[in-house]
Amino acid sequence: MRTDRGWSGPDEALASRVDMTLGPTPLHMLPRFSREVGVEVWAKRDDIGSVGLLGNKVRKLEFLVADAQRVGANVLVTVGAVQSNHARTTACAAAMLGLRCVLILGGAESGTPSGNYLLDRLFGAEVELVAGAGWDELEPMLAKKCRDLEEEGQLPYLIPAGGSTPVGALGLARGYLELAEQCAAADLSPDLIVHATSSGGTQAGLEVGRAILGRGPRILGVAVAKAAGVLEVEVAEIATHAGRLAGMDRTWRQDEVAIDHSQRGHAYGASTAASQEAIRLLAHTEGILTDPVYSGKALAGLIDLARQDRLRGPVVFWHTGGTPALFDSNLGPPLIE
Ligand SMILES: Cc1ncc(COP(=O)(O)O)c(C=O)c1O
3 MRTDRGWSGP
13 DEALASRVDM
23 TLGPTPLHML
33 PRFSREVGVE
43 VWAKRDDIGS
53 VGLLGNKVRK
63 LEFLVADAQR
73 VGANVLVTVG
83 AVQSNHARTT
93 ACAAAMLGLR
103 CVLILGGAES
113 GTPSGNYLLD
123 RLFGAEVELV
133 AGAGWDELEP
143 MLAKKCRDLE
153 EEGQLPYLIP
163 AGGSTPVGAL
173 GLARGYLELA
183 EQCAAADLSP
193 DLIVHATSSG
203 GTQAGLEVGR
213 AILGRGPRIL
223 GVAVAKAAGV
233 LEVEVAEIAT
243 HAGRLAGMDR
253 TWRQDEVAID
263 HSQRGHAYGA
273 STAASQEAIR
283 LLAHTEGILT
293 DPVYSGKALA
303 GLIDLARQDR
313 LRGPVVFWHT
323 GGTPALFDSN
333 LGPPLIE
């Protein structure tokens, strides 16, 4: 079956990327952490590698940037919070490929630039900070910015929050297949993948990868922002459209999308005692860093399920990155006494 982009099926769709990860990210066991939580846990290390500290967003950007090149765009334009990993990764990808990058970020300067915001500037992105703006305001600003750039004679490529479009999600479908190959080589049959979920593209892409393969570990997203009910619908929708791009005729239902909503805390970005404990535990036992906004909360979800004896193992903790937020002292109470 040919897709609306002319791809003949999964192989062609998943090859339509700009290689920025430079090879598979490592998969390895976490022996001391596993002993602590009583379940065999492996880490898929999307937090390390090329592209400005890597993270799950690079996988989406490999496909989004290829799409931008396909349509001849010369400016990447996106939105996010001031400490957005996605915005930082977009800025880095643009620098790598010699493209202009415009970021519209909700937030204000607070002292010396730090974390992702510092990196955005270092990568040469043009940053517009909009104090007090919520998502409802940022998305129309993004569209307007693209119209303004077009009037200036530029060719902008609009990337919505988190890069969670069906095209972006293909990156994680490819990631799922990469994991499957690594598991086969290690003679490993994980039961479950646990990862942080927010704008939904990561989880949707992993779902599509599993569907392409027709087998493999189930996927559990740990929600850090959106409410129960809303996120499941969005993940199902992105998965359905990403699946179509890969030549699949399948509609995902929201009840097929597994999300743990117990770790969010009182708000997106708000630190929780459980995520702080999780960050400390992984750092102490394995020397691996997670962050308070995303990966720390996902890990807290995994630990909670392990302690309730609800994990069969082996489990893959898909480390989606986000480490720069560790260095933003505005994010919650200090991690150490
Ligand atoms: C470090 C990190 N992990 C996980 C996610 C969640 O990915 P998604 O937005 O695709 O659900 C994000 C998104 O911003 C992220 O930055």
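Count along the sequence shown from 1, add 2, and you get the number used in the numbering used here. Beta carbons: idealized from backbone N, C-alpha and C, even for Gly.
CA-to-CA distance, residue j to residue i, given in whole angstroms
i      : j      : result
Thr292 : Ser166 : 22 Å
Ser10  : Gly249 : 7 Å
Ser200 : Arg102 : 26 Å
Gly177 : Ile290 : 21 Å
Lys62  : Ala275 : 31 Å
Ala213 : Gly173 : 14 Å
Gln156 : Arg72  : 15 Å
Ile161 : Glu153 : 18 Å
Lys59  : Arg252 : 25 Å
Ala171 : Leu208 : 8 Å
Ser353 : Arg255 : This structure cannot speak to residue 353, because the chain is shown only from 3 to 339.
Ser297 : Ala280 : 9 Å
Glu340 : Gly211 : An answer regarding residue 340 cannot be provided, because it is not within the stretch 3 to 339 covered by the chain.
Val41  : His88  : 31 Å
Arg314 : Leu99  : 43 Å
Selection from the options that minimises the alpha carbon distance to residue i
i      : options                           : result
Ser340 : Pro335, Ala327 and Ile338         : Outside the shown range of the chain (3 to 339) lies residue 340, about which nothing can therefore be said.
Gly82  : Gly108, Tyr159 and Asp193         : Gly108
Ala93  : Leu120, His197, Ala127 and Gly202 : Ala127
Leu362 : Gly8, Glu64 and Ala45             : Only positions 3 to 339 of the chain appear in this structure, which leaves residue 362 out of reach.
Ser112 : Val84, Asp306 and Leu99           : Val84
Ala70  : Ala95, Glu141 and Ala133          : Ala95
Phe65  : Gly203, Glu130, Gly298 and Gly100 : Gly203
Ser86  : Pro336, Gly323, Ile338 and Ala241 : Gly323
Ile195 : Arg7, Pro158, Asp189 and Leu181   : Leu181
Leu32  : Trp320, Val237, Ile221 and Leu247 : Trp320
Ala230 : Phe125, Asp49 and Ser264          : Ser264
Segment limits, beta strand (DSSP E) that includes residue i
i      : result
Phe319 : Val317 to His321
Trp44  : Val43 to Arg47
His30  : Leu29 to Met31
His197 : Leu194 to Thr199
Val226 : Here Val226 belongs to no beta strand (DSSP E), and DSSP marks it neither H nor E.
Asp262 : Ala260 to Asp262
Residue range of the alpha helix (DSSP H) that includes residue i
i      : result
Leu105 : Premise fails: Leu105 lies in the beta strand (DSSP E), Arg102 to Gly108, not in any alpha helix (DSSP H).
Gly177 : Pro168 to Ala187
Arg309 : Ser297 to Arg309
Pro158 : That residue, Pro158, is in no alpha helix (DSSP H); its beta strand (DSSP E) goes Pro158 to Ile161.
Ile281 : Ala275 to Glu288
Glu64  : Asn58 to Arg72
Assigned exposure category for residue i - 16 Cβ within 10 Å defines buried
i      : result
Val67  : buried
Val232 : exposed
Ala110 : exposed
Thr114 : exposed
Pro335 : exposed
Pro349 : Because residue 349 is not part of the residues shown, which for the chain are 3 to 339, the question remains open.
Arg90  : buried
Gln310 : exposed
Original post:
Does the stretch 24-43 come within contact of the stretch 147-159, defined as at least 3 CB pairs closer than 8 Å?
Top reply: The answer is no - the stretch 147-159 does not touch the stretch 24-43, with fewer than three Cβ pairs under 8 Å.
**OP:** Could you say if the stretch 208-222 and the stretch 19-31 meet the contact criterion of at least three C-beta pairs nearer than 8 Å?
**Re:** A contact between stretches requires three or more CB pairs, one per stretch, nearer than 8 Å, and the stretch 208-222 fails this requirement with the stretch 19-31.
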